[in-house]
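Trainee: I'd like to ask you about the structure that follows.
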Amino acid sequence: MSSAPHLMPAVYDYHRVISVRELRRDFPKSAIDGLSNKPQPPGIYSCHYECCICLGYGKFEVVKQAIRHRAVVDRKKYMVTPCNHIFHAKCLSSWMMRKLKCPMCEKVLPEFVVTDAIGSMGNPIDVLQSSDSSE
1 MSSAPHLMPA VYDYHRVISV RELRRDFPKS AIDGLSNKPQ PPGIYSCHYE CCICLGYGKF
61 EVVKQAIRHR AVVDRKKYMV TPCNHIFHAK CLSSWMMRKL KCPMCEKVLP EFVVTDAIGS
121 MGNPIDVLQS SDSSE
């Protein structure tokens, strides 16, 4: 009897990098309206959004080519749902502790699992707080 390789289930990346093409194709018009016209640095555009949980404003970076700029973009300050709604990371992770539905459209959300560089899982709130203290 041969043993099957151990496979980990896919985990949704709430801190994914968004390309300009994806933003224009898949996101609500309100997100596209916040897109800057000039990249700073080259290939990275800033985009402003309103977090519907706290009603505050935030900024995230959109890249011309997602693969090339993945390491450059600060992805820990915002979270993107599978239904393409954008929130402050602290707001959405706190929301998801109570309810696994999108605050905008109420679609069911996958669990938020945080892994560090070596793949260890951690508490989402602890990880977010430690990333804030490094600023």
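Reminder that position 120 of the sequence shown reads as 120 in the UniProt record's numbering, one-by-one numbering, no gaps. Every residue gets a Cβ at the ideal spot worked out from N, C-alpha and C, and that includes glycine.
Leaving out the 5 sequence neighbours to the left and right, which residues in its chain are closer than 7 Å to G34 when beta-carbon positions are compared?
Mentor: Reading the sequence shown from its first residue, position 34 is the one you call residue 34. The answer, listed in chain order, is C47, H48 and Y49.
Trainee: Between which two residues does the beta strand (DSSP E) harbouring V97 extend?
Mentor: The residue given as residue 97 occupies position 97 in the sequence shown. As written in the sequence, residue 97 is Met, which differs from the Val given in the question. That residue, M97, is in no beta strand (DSSP E); its alpha helix (DSSP H) goes A89 to R98.
Trainee: Going by DSSP in three states, V20 sits in which element: helix, strand or coil?
Mentor: As a working note, residue 20 is residue 20 in the sequence shown. Of the three classes helix, strand and coil, the one that applies to V20 here is helix, per DSSP.
Trainee: Within the same chain, show all residues whose beta-carbon is closer than 8 Å to that of H88, passing over the 5 residues directly before and after it, in chain order.
Mentor: Residue 88 sits at position 88 when you count from the first residue of the sequence shown. Cβ neighbours of H88 beyond the five flanking positions: C51, I53, C54, G56, G58, K77, Y78 and M79.
Trainee: Could you check whether V11 and V113 sit closer than 7 Å to each other, using their CB atoms as the reference points?
Mentor: Here residue 113 refers to the residue found at position 113 of the sequence shown. Here residue 11 refers to the residue found at position 11 of the sequence shown. It is a contact, given that the beta carbons lie within the stated cut-off.
Trainee: Distance check for K101 and F27, CA to CA, integer angstroms please.
Mentor: If you number the sequence shown from 1, residue 27 lands on position 27. If you number the sequence shown from 1, residue 101 lands on position 101. Looking at the two C-alpha atoms, the distance is approximately 18 Å.
Trainee: Look at I32 and R24 and say whether their C-beta atoms are less than 7 Å apart.
Mentor: Here the question's residue 32 lines up with position 32 in the sequence shown. Here the question's residue 24 lines up with position 24 in the sequence shown. Yes, Cβ-Cβ distance for I32 and R24 is below 7 Å.
Trainee: DSSP state of S36, grouped into three classes?
Mentor: The residue labelled residue 36 in the question sits at position 36 within the sequence shown. If DSSP states are grouped into helix, strand and coil, S36 belongs with coil.
Trainee: Applying the criterion that 16 or more other CB atoms from any shown protein chain within 10 Å of the CB defines a buried residue, is F98 buried or exposed?
Mentor: As a position in the sequence shown, residue 98 is number 98, starting the count at 1. Going by the sequence as given, residue 98 is Arg instead of Phe. Exposed is the call here.
Trainee: For K38, count neighbouring C-beta atoms within 10 Å of its own C-beta (all shown protein chains included) and say buried if the count is 16 or more, exposed if not.
Mentor: Position 38 of the sequence shown, counting from 1, holds the residue named residue 38. Exposed, by the Cβ-count rule.
Trainee: Going by C-alpha to C-alpha distance, which of P82, F60 and S94 sits closest to Q40?
Mentor: What you label residue 40 is simply residue 40 of the sequence shown in a count that begins at 1. Checked all of P82, F60 and S94; the closest Cα to Q40 is F60.
Trainee: Output the distance between the C-alpha atoms of S93 and I18, rounded to the nearest integer angstrom.
Mentor: Position 93 of the sequence shown, counting from 1, holds the residue named residue 93. Position 18 of the sequence shown, counting from 1, holds the residue named residue 18. Roughly 19 Å between the two C-alpha positions.
Trainee: Tell me which residues share the same chain as N84 and place their Cβ nearer than 6 Å to its Cβ, disregarding the 5 neighbours each side in the sequence.
Mentor: Against the sequence shown, residue 84 aligns to sequence position 84. Excluding positions up to five away in sequence, the list reads D26 and F27.
Trainee: How many angstroms separate the CA atom of E111 from the CA atom of S36?
Mentor: Residue 111 sits at position 111 when you count from the first residue of the sequence shown. Residue 36 sits at position 36 when you count from the first residue of the sequence shown. For E111 and S36, the distance between alpha carbons rounds to 32 Å.
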